[in-house]
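For reference, the structure is listed below as structure tokens.
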Amino acid sequence: MYHLPNAFCQNLVEEQVSYSIPKTIYFTEEKIWISAEVTQKGKPSSSQVLYAELLNRENESVHLAKILLEQGEALHFLEIPSNLPSDHYLLRIYTRISPLLNLENGMKQQLVTIFNPRIPPKVVANRSEQIVKKGHQKESYTLIQGQFNPKEIIDIPEELKGQKIQELKVSLVNPFLEEERQISSSQLYEGKAEGVLIPELFGHIVAAKVNPNEVDTSKVYFLSVHGIESALYSDRPDANGNLFFDIGGLKHWKFLIAQADQNGDLMNFELQSPAVKTRFKNGFTFPQLEISLADQELLQKLLLSSGVQTYFREKLNQEPVPVVTGFVADYSYNLDDYTRFESVETVIKEYVPSVAVRTRSGKKEFRSNNEFGNRFEGNPLMLVDGMPVFNSDQLAAFNPKSFEKLDVLARVFYLNEQNYEGVISFSSYKSDVGGFPLPTNAIYSPYQGIQIPVELESEFGQPQEIRNLQDLRSVLTWKSEARGRVDLSEVKIITSDLPGLYQMSIQYQSEDGSAQSWESYFEVKAAED
Numbered sequence: 029m030y031h032l033p034n035a036f037c038q039n040l041v042e043e044q045v046s047y048s049i050p051k052t053i054y055f056t057e058e059k060i061w062i063s064a065e066v067t068q069k070g071k072p073s074s075s076q077v078l079y080a081e082l083l084n085r086e087n088e089s090v091h092l093a094k095i096l097l098e099q100g101e102a103l104h105f106l107e108i109p110s111n112l113p114s115d116h117y118l119l120r121i122y123t124r125i126s127p128l129l130n131l132e133n134g135m136k137q138q139l140v141t142i143f144n145p146r147i148p149p150k151v152v153a154n155r156s157e158q159i160v161k162k163g164h165q166k167e168s169y170t171l172i173q174g175q176f177n178p179k180e181i182i183d184i185p186e187e188l189k190g191q192k193i194q195e196l197k198v199s200l201v202n203p204f205l206e207e208e209r210q211i212s213s214s215q216l217y218e219g220k221a222e223g224v225l226i227p228e229l230f231g232h233i234v235a236a237k238v239n240p241n242e243v244d245t246s247k248v249y250f251l252s253v254h255g256i257e258s259a260l261y262s263d264r265p266d267a268n269g270n271l272f273f274d275i276g277g278l279k280h281w282k283f284l285i286a287q288a289d290q291n292g293d294l295m296n297f298e299l300q301s302p303a304v305k306t307r308f309k310n311g312f313t314f315p316q317l318e319i320s321l322a323d324q325e326l327l328q329k330l331l332l333s334s335g336v337q338t339y340f341r342e343k344l345n346q347e348p349v350p351v352v353t354g355f356v357a358d359y360s361y362n363l364d365d366y367t368r369f370e371s372v373e374t375v376i377k378e379y380v381p382s383v384a385v386r387t388r389s390g391k392k393e394f395r396s397n398n399e400f401g402n403r404f405e406g407n408p409l410m411l412v413d414g415m416p417v418f419n420s421d422q423l424a425a426f427n428p429k430s431f432e433k434l435d436v437l438a439r440v441f442y443l444n445e446q447n448y449e450g451v452i453s454f455s456s457y458k459s460d461v462g463g464f465p466l467p468t469n470a471i472y473s474p475y476q477g478i479q480i481p482v483e484l485e486s487e488f489g490q491p492q493e494i495r496n497l498q499d500l501r502s503v504l505t506w507k508s509e510a511r512g513r514v515d516l517s518e519v520k521i522i523t524s525d526l527p528g529l530y531q532m533s534i535q536y537q538s539e540d541g542s543a544q545s546w547e548s549y550f551e552v553k554a555a556e557d
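Note that my numbering has the sequence shown beginning at 29, numbered continuously upward.
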């Protein structure tokens, strides 16, 4: 069980969140790559989970990604859902506690433009002229030229090459969005962020709530998570109806199943989103997204550009915390090593001498041996991929053709404050409960865990040498100090075949330690026929 003492919450250290994205214009199903850093008093944060959220103009959360923080840093992506309508959205980056402790430093955000070809924005006869970007550049730091041909090398001003670079980004300007920079929380929000202060020091914590007017603090609730591995958790509500399931070292799962003890009623049970709630200031509105027929050619090229892949690999074997998914079995059975039968009852009778099948009042029950060689008097804890099964008769009759393994614990098993007379635990091939029916009162939710960490296989934005194909990169380069030292003398920036106005942005640290920024705009001309 996971209930935070007030004294612990009062001693939490504020977090400073910073992040970068390579561009601000996207299509649905495209990935918004995010490089982020979270610190506490200048050192890597102890938080393990970073949240990347999309908010619509009605202040509704439409998508939330959970990203693993490793030593306070993260490089990952938010994959845009296919059903979002074309519009501007607010991308927000934070941890479970950062905006609640300090909204200004703990939540960073900016507007991004998302197009959905199936749900286009408003079409007008004449859209206002493309937004002119003049840039903010010191006179001594200028690009040699303001126009480039496709596949031409861009030289960075020599004076900048000696600076301590924190970020370098060169990307196509978003002609549909006037303000592409990050917006401070003090400009956007009224009052404080609302949410429950839940430090995530070991992994994600799933929060739930039951109606406080009907709460029974002795009632046990179960939560099983299912993915590459599956695991079971339990908790009892506090006096206010709050439940917290600390998933801990198990990071990556695809869905979860909630149940009350003995398949009890869940009518007053509700999973809580980890997204914090804020209120926009009076007068703040998202700019309207409009297109005209004159934008058609650009949008078609941008749609093709959205298909340019950034290649990465998943780091499946890097769990920072050892995963304990259940118990140490006394007996394990690989079911493929035995003749298959059409019911769990027959499998148990034929192959598992430590468990007996009994019939009581016309229904099948299981009895496990204990450590003294005697039989327990009640059903063991019955699990399918970590999901509790309270109907032994249904389990006995089920065809285990999709079950790969059976683990048996022939001892008393303790799960938090509950104890059970042994355990029989089936694991399916795909960790998806193997087709076993969902208990009648259970809640299934596609609530996913933390995304599997990734690493880039090549430099972001580098041209791909594929013969006879256009180079339609809208991001020419994107580097940040969080992903390693940025040496401008080693950076090679090559324009693509995608014409338009581009921005080069450099964040660096001056000799006195202050943060400085430089940006300039240039045009890439269309290729001559």
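Just so it is clear, CB atoms sit at the ideal spot from N, CA and C, and this is done for glycine as well.
All values reported here derive from a predicted model rather than from experimental measurement.
N-terminal and C-terminal residue of the beta strand (DSSP E) that residue i is part of
i	result
residue 249	249-255
residue 127	That residue, residue 127, is in no beta strand (DSSP E); its alpha helix (DSSP H) goes 126-129.
residue 547	543-552
residue 328	Looking at the DSSP string, residue 328 is not in any beta strand (DSSP E); the run it does join, the alpha helix (DSSP H), is 324-333.
residue 101	101-107
residue 446	446-456
residue 115	115-122
residue 141	136-143
residue 473	471-473
residue 285	281-288
residue 360	359-362
residue 299	297-300
Expected contact under 8 Å - CB spacing of residue i and residue j to nearest Å
i	j	result
residue 125	residue 40	6 Å
residue 68	residue 43	6 Å
residue 394	residue 407	6 Å
residue 473	residue 413	Actually they are not in contact, since the Cβ atoms of residue 473 and residue 413 sit about 15 Å apart, beyond 8 Å.
residue 471	residue 297	7 Å
residue 501	residue 323	Contact doesn't hold; Cβ gap of about 20 Å is too wide.
residue 530	residue 514	That pair is no contact at about 19 Å.
residue 564	residue 361	Nothing about residue 564 can be read from this structure; the chain reaches only from 29 to 557.
residue 22	residue 64	Shown here, the chain extends from 29 to 557; a query on residue 22 therefore has no answer.
residue 137	residue 210	7 Å
residue 197	residue 48	7 Å
residue 430	residue 463	5 Å
residue 91	residue 81	7 Å
residue 415	residue 461	6 Å
residue 118	residue 83	4 Å
Range covered by the alpha helix (DSSP H) that runs through residue i
i	result
residue 275	Counting along the chain, residue 275 falls outside any alpha helix (DSSP H), and DSSP gives it neither H nor E.
residue 73	From DSSP, residue 73 is part of no alpha helix (DSSP H); its letter is neither H nor E.
residue 373	372-379
residue 422	420-425
residue 262	From DSSP, residue 262 is part of no alpha helix (DSSP H) but of the beta strand (DSSP E) over 258-263.
Classification of residue i by the beta-carbon crowding that lies within 10 angstroms, buried from 16 upward
i	result
residue 16	Outside the displayed range of the chain (29 to 557) lies residue 16, so it cannot be described from this structure.
residue 541	exposed
residue 367	exposed
residue 145	exposed
residue 477	buried
residue 364	exposed
residue 349	Annotation note: pLDDT 40 at residue 349 (below 50); position unreliable, coordinate value reported separately. Exposed is the call here.
residue 428	buried
residue 545	exposed
residue 150	exposed
residue 400	exposed
residue 147	exposed
residue 372	buried
residue 497	exposed
residue 543	exposed
residue 346	Residue placement at residue 346 is poorly supported in this model, since its pLDDT is 48, which falls under 50; the coordinates are not used for a value here.
residue 526	buried
residue 221	buried
residue 523	buried
residue 168	At residue 168 the pLDDT is 49, less than 50, meaning the model places this residue with poor confidence; the figure from the coordinates comes in the next sentence. It counts as exposed.
residue 465	exposed
residue 263	buried
residue 174	exposed
Any non-hydrogen atom of the ligand MG within 8 Å of residue i CB
i	result
residue 118	What this structure holds is no ligand at all, so the ligand MG is not there to describe.
Exercise for the section: Would you mind listing the alpha helix (DSSP H) stretches within the stretch 190-233 that are 4+ residues and don't spill past its ends, in chain order? Expected result: 213-216
Exercise for the section: State whether the stretch 192-210 contacts the stretch 225-244, with contact taken as three or more CB pairs (one from each stretch) at a distance under 8 Å. Expected result: The stretch 192-210 vs the stretch 225-244: no contact.
Practice task
Kindly confirm or deny that the stretch 388-401 and the stretch 316-335 touch, where touching means at least three C-beta pairs closer than 8 Å.
Solution key: Contact fails: fewer than three Cβ-Cβ distances are below 8 Å.
Problem - At least 3 beta-carbon pairs within less than 8 Å: the stretch 57-68 vs the stretch 431-450 - result: no
Practice task
Check whether the stretch 476-483 touches the stretch 305-317, taking contact to mean three or more Cβ pairs, one atom from each stretch, closer than 8 Å.
Solution key: no
Problem - Meets three-Cβ-pair contact criterion under 8 Å: the stretch 76-89 and the stretch 97-104 - result: yes
Exercise for the section: Report yes or no: do the stretch 260-279 and the stretch 175-186 share at least 3 C-beta pairs separated by less than 8 Å? Expected result: no
Practice task
Assess, as a yes-or-no matter, whether the stretch 253-268 is touched by the stretch 278-285 under the definition of 3 or more beta carbon pairs within less than 8 Å.
Solution key: yes
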